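Reviewing the structure listed below.
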Amino acid sequence: MSRTSAGFAERSIHSLLDAVDYAAQAEKRAESAGLLQAMDARLKLAGVLLVIIAVVTSRALVPIAAVLGGSILLAIGSGIRVRAIATTVWIPALLFTGAIALPSIFLVQHGARSAAFLVLRSVTCATLSAVLVFSTPWPALLKGLRALRVPAIAVTILGMTYRYLFSILDVARDMLESRRSRTVGVLTGAEERRMAAGAAGVLLSRSVLLSREVHFAMLSRGFRGEAFTLENRPILSHDWVYFSGFSVAAAAVLWFGR
Amino acid sequence: MHIPDGYLSPATCVTMYGASAPFWYAALARMKRTLHTQTAPLLAVFSALSFIVMMFNLPLPGGTTGHAVGVATAAIVLGPWGAILSISMALVIQALLFGDGGITAIGANCFNMAIAGALVAYAVYRLISGRAAIGAHRRVIAAGAAGYIAINVSALLAAIEFGLQPMLFHDGMGAPLYAPYPLHIAIPAMMIGHLTIAGLAETVLAAGVVAYLQKADPELLEATAPAATRSCAAPLGVTEPGATWRRTRPLWISLGVLLALTPVGIVAAGSAWGEWSPADFSNQAARRQIARASGSVELPAAVPHGLRRLADVWTSPMPRYSAPFLRSAAFGYLLSAMTGAGLIILAWVFFSWLQRRARDGAGGVP
């Protein structure tokens with residue numbers, strides 16, 4: 001098989017597998033025991049959002065660096081390996097933001113300080129988001145969104161999207177692998193583009209069929225267009241303690257970073 | 259183009275959430291009204307699909323690869339409102355679960371890619387595709403253009419949001435607190451990548467998917483083509499007798515009118531700027547006119563050596579749109595126009611014949 005013929009299919013399969021792997025890791029860590037896993041998802045989501053907003057608002061570097069340190073400690077306490085955060089969050093964030101921030105050192109007045117703000121802020125927010133995702137199962141996270149007054153229909157669609165994401169991921173991976181295994185010889189760029197467009201088109205047609213089947217299945221189970229989410233567990237006293245911790249941290253960042 | 263947390267100020271983030279909210283509300287209300295119970299499954303599956311399509315590494319002309327957002331494809335299949343919701347959902351999942359794009363920037367990312375992208379893609383697609391049949395090649399071109407323009411509009415919006423940050427938000431020392439580059443750096447930096455790689459990726463995906471669906475599943479293209487003529491919608495390549503003439507009749511009439519109007523060109527005096535002949539260098543009236551049109555910069559006194567040498571390499575049979583054997587300049591103009599247009603039409607007929615021959619030859623090979 002030529003290098004070119006393997007190109008599109010192989011690269012796309014890698015991207016799809018990486019996504020599945022990341023989601024599986026997040027799910028596994030979220031269901032294990034730990035500091036943040038014990039916290040109610042609604043308050044955890046609200047608390048993390050408060051701290052992220054405070055970090056984005058801060059006009060000083062030290063409070064942002066303190067939040068980064070705190071979120072690493074929280075990750076360790078929740079059984080999330082720092083190495084996992086480094087590979088999934090820090091390296092991509094540093095590569096992307098670094099590429100943007102580095103030239104500003106030479107192009108912008110006070111560029112070094114500006115670059116430090118950009119890098120530290122984006123890495124800290126990405127770490128907080130990762131800590132939230134790695135310690136909260138997706139359905140619980142969606143309940144948290146519902147508590148933040150996101151409409152039930154939107155939360156339902158998000159939940160279903162997550163479920164069918166893996167179903168369509170499987171179809172896409174199977175399709176690309178079978179195509180790759182049957183590809184012999186050199187494919188030109190135009191042929192590769194046709195293959196990519198064909199793959200997207202097939203997925204589109206299958207998705208329409210899938211949505212019809214899901215729709216009929218929902219109707220047969222009594223769905224009448226109204227979306228409801230299951231009752232959440234009651235918020236316990238220790239949840240409020242955690243939330244107070246997040247709130248105090250956010251207030252401190254806002255105060256020292258004003 | 260997924261803006262991470264920390265690049266935009268809280269004020270910008272709030273503004274962008276505020277700008278996106280009415281579109282989300284309107285899109286959801288509209289989808290619920292038209293689809294009712296089908297809204298949730300259709301949007302869920304399409305959001306999942308949008309997410310996956312964003313992961314495709316599309317091979318681009320020139321040997322590079324790129325990722326597409328898939329916004330034009332979604333707008334063409336689902337319509338603008340469905341596309342707004344499905345791309346927004348995919349972006350929310352990317353931000354919340356995969357850390358691609360910031361949580362505080364979800365409003366901005368959705369506004370740039372899902373809302374502006376979908377509306378622009380839909381408008382461009384409808385404008386260019388017009389009443390063309392579902393199977394028409396024009397729809398493929400319309401889809402490609404829709405993808406290209408939509409993704410570049412999205413990128414421009416993101417660049418403007420970036421570029422406004424250093425103007426509005428800096429600390430006591432004057433250091434930019436968020437995205438550091440002003441508009442004159444942010445816009446070109448952002449647009450170069452999108453006018454080339456990302457724009458091409460979106461074009462390849464949108465045009466390719468539409469071309470594929472025209473053959474495999476044309477029904478999926480009908481929702482956003484209410485005025486499409488049905489003649490070509492059925493089997494591709496089968497055209498109703500006389501349909502080609504009816505479709506192109508306005509163009510032929512316009513061409514005839516333009517040909518008849520060509521003598522009007524004589525009214526315009528002088529030469530077009532930069533199209534001077536060696537004789538103009540020694541003609542005082544021509545020199546004055548050229549100087550007036552060139553910001554009072556005089557022509558050199560002598561004809562440049564290169565111009566003199568190359569001016570006589572090729573002598574046109576109809577120099578300055580007039581045949582030497584004709585006395586009437588107006589008739590010469592008309593004859594030149596008819597000759598030029600005729601030659602172009604003949605060239606296209608010849609190329610079409612070659613293309614048809616090549617296609618028929620390829621179709622015969624099993």
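These protein sequence lines are chains W and Z, in that order. Per this note's numbering, the very first residue in the first sequence carries number 1; after that it's consecutive. Per this note's numbering, the very first residue in the second sequence carries number 259; after that it's consecutive. C-beta: ideal position from N, C-alpha, C; glycine also. Bear in mind the structure is a predicted one, so any value in this text is a computation, not a measurement.
(message) Residues in the same chain with beta-carbon distance under 6 Å from Gly47 of chain W, minus the five sequence neighbours each way, listed in chain order, please.
(response) Phe243 and Phe246
(request) Assign Val623 of chain Z to one of two classes, buried (16 or more other C-beta atoms within 10 Å of its C-beta) or exposed (fewer than that). (result) Because the pLDDT at Val623 of chain Z is just 38, under 50, the model does not fix this residue reliably, and the point stays unresolved.
(request) Rank W:Val133, W:Gly159 and W:Leu102 by C-alpha distance to the C-alpha of Leu49 of chain W and give the top, closest one. (result) W:Val133
(message) So for His395 of chain Z, helix, strand or coil by DSSP?
(response) helix
(request) In angstroms with no decimal places, state the Cα-to-Cα distance between Val378 of chain Z and Ala413 of chain Z. (result) 12 Å
(request) Below 8 Å on the Cβ atoms is my guess for Ala348 of chain Z versus Ser305 of chain Z; work out the distance and round it to an integer in Å. (result) 5 Å
(message) What ranges does the alpha helix (DSSP H) occupy inside the segment 79-157 of chain W, keeping only unbroken runs of at least 4 residues that lie completely in it?
(response) 82-85, 91-107, 111-134 and 138-147
(request) Please name the residue, chosen from Z:Asp538, Z:Pro440 and Z:Met312, that lies closest to Ala172 of chain W on a Cα-to-Cα basis. (result) Z:Met312
(request) Could you give the DSSP three-state label for Gly202 of chain Z: helix, strand or coil? (result) In the structure as shown, chain Z starts at 259 and stops at 624, and residue 202 of chain Z therefore has no counterpart that could be examined.
(request) Decide if Tyr283 of chain Z is buried, meaning its Cβ has at least 16 other Cβ atoms within 10 Å, or exposed. (result) exposed
(request) Kindly indicate the opening and closing residues of the alpha helix (DSSP H) around Ala374 of chain Z. (result) Taken as a continuous stretch (DSSP letters only), Ala374 of chain Z belongs to no alpha helix (DSSP H), as it is neither H nor E.
(message) I'd like to know if Ala249 of chain W contacts chain Z, where contact means its C-beta is closer than 9 Å to some C-beta of that chain.
(response) no
(message) Could you tell me the alpha carbon to alpha carbon distance between Met259 of chain Z and Val329 of chain Z, rounded to whole angstroms?
(response) 13 Å
(request) Take the Cβ of Ser71 of chain W as the centre, count every other Cβ of all protein chains shown within 10 Å, and call the residue buried at 16 or more, exposed below. (result) buried
(message) I'd like to confirm the pairing. Which residues does DSSP put opposite Leu316 of chain Z in its beta bridges?
(response) Z:Gly324
(request) Could you give the DSSP three-state label for Pro280 of chain Z: helix, strand or coil? (result) helix
(request) Would you tell me roughly how many angstroms separate the C-alpha atoms of Leu494 of chain Z and Ala376 of chain Z, rounded to the nearest one? (result) Caution applies to Leu494 of chain Z, whose pLDDT of 36 falls short of 50 and renders its modelled position unreliable; the model cannot decide the point.
(request) Using three-state DSSP, classify Pro299 of chain Z as helix, strand or coil. (result) helix
(request) Determine the chain Z residues that contact Ser122 of chain W at a beta-carbon separation under 8 Å, and present them in chain order. (result) Pro262, Asp263, Gly264, Tyr265 and Gly360
(message) Considering just the uninterrupted stretch of the alpha helix (DSSP H) at Leu479 of chain Z, what are its terminal residues?
(response) Careful: Leu479 of chain Z lies outside any alpha helix (DSSP H) and carries neither H nor E.
(request) Along the alpha helix (DSSP H) that carries His238 of chain W, what are the first and last residues, could you check? (result) Ser237 to Phe256
(message) I'd like the span of the alpha helix (DSSP H) that includes Pro446 of chain Z, first residue to last.
(response) Leu441 to Gly451
(request) Name the residue from Z:Ile310, Z:Gln296, Z:Phe281 and Z:Leu300 whose alpha carbon lies nearest to the alpha carbon of His14 of chain W. (result) Z:Ile310
(request) May I ask you to verify whether the segment 469-476 of chain Z touches the segment 194-209 of chain W, counting CB pairs closer than 8 Å and requiring at least 3? (result) yes
(request) Starting from Glu213 of chain W, trace the alpha helix (DSSP H) both ways and give me its first and last residue. (result) Gly189 to Ser220
(request) Evaluate Leu17 of chain W with the Cβ neighbour count: other Cβ atoms within 10 Å of its Cβ, from every protein chain shown; 16 or more gives buried, anything less gives exposed. (result) exposed
(request) Let me know if Lys143 of chain W comes out buried or exposed under the rule of 16 or more other beta-carbons within 10 Å of its beta-carbon. (result) buried
(message) Using a Cβ-Cβ cutoff of 9 Å, what residues of the segment 427-445 of chain Z are near chain W? List them in chain order.
(response) Phe427, His428, Asp429, Gly430, Met431, Gly432, Ala433, Pro434, Leu435, Tyr436, Ala437, Pro438, Tyr439, Pro440 and Ile443
(request) Under 7 Å between beta-carbons, which chain Z residues line up against Leu35 of chain W? List them in chain order, please. (result) Under the 7 Å cutoff, chain Z gives no residues; its nearest Cβ is about 20 Å from Leu35 of chain W.
(request) Compare the C-beta of Val253 of chain W against all C-beta atoms of chain Z and say whether one is closer than 9 Å. (result) no
(request) Kindly indicate the opening and closing residues of the alpha helix (DSSP H) around Ser71 of chain W. (result) Leu61 to Gly77
(request) Would you verify that the beta carbon of Ala491 of chain Z is, or is not, closer than 9 Å to some beta carbon of chain W? (result) Its pLDDT being 42, under 50, Ala491 of chain Z is placed unreliably in this model, and the coordinates cannot settle the point.
(request) Under 7 Å between beta-carbons, which chain W residues line up against Tyr470 of chain Z? List them in chain order, please. (result) Ala197, Gly198 and Gly201
(message) I'd like to know if Leu94 of chain W contacts chain Z, where contact means its C-beta is closer than 9 Å to some C-beta of that chain.
(response) no
(message) Is Gly495 of chain Z close to chain W? Criterion is C-beta to C-beta, closer than 9 Å.
(response) Annotation note: pLDDT 38 at Gly495 of chain Z (below 50); position unreliable, coordinate value reported separately. Closer than 9 Å: no.
(message) Let me check understanding here. Comparing Cα to Cα, which of W:Thr97, W:Leu74 and W:Ser104 lies closest to Gly359 of chain Z?
(response) W:Thr97
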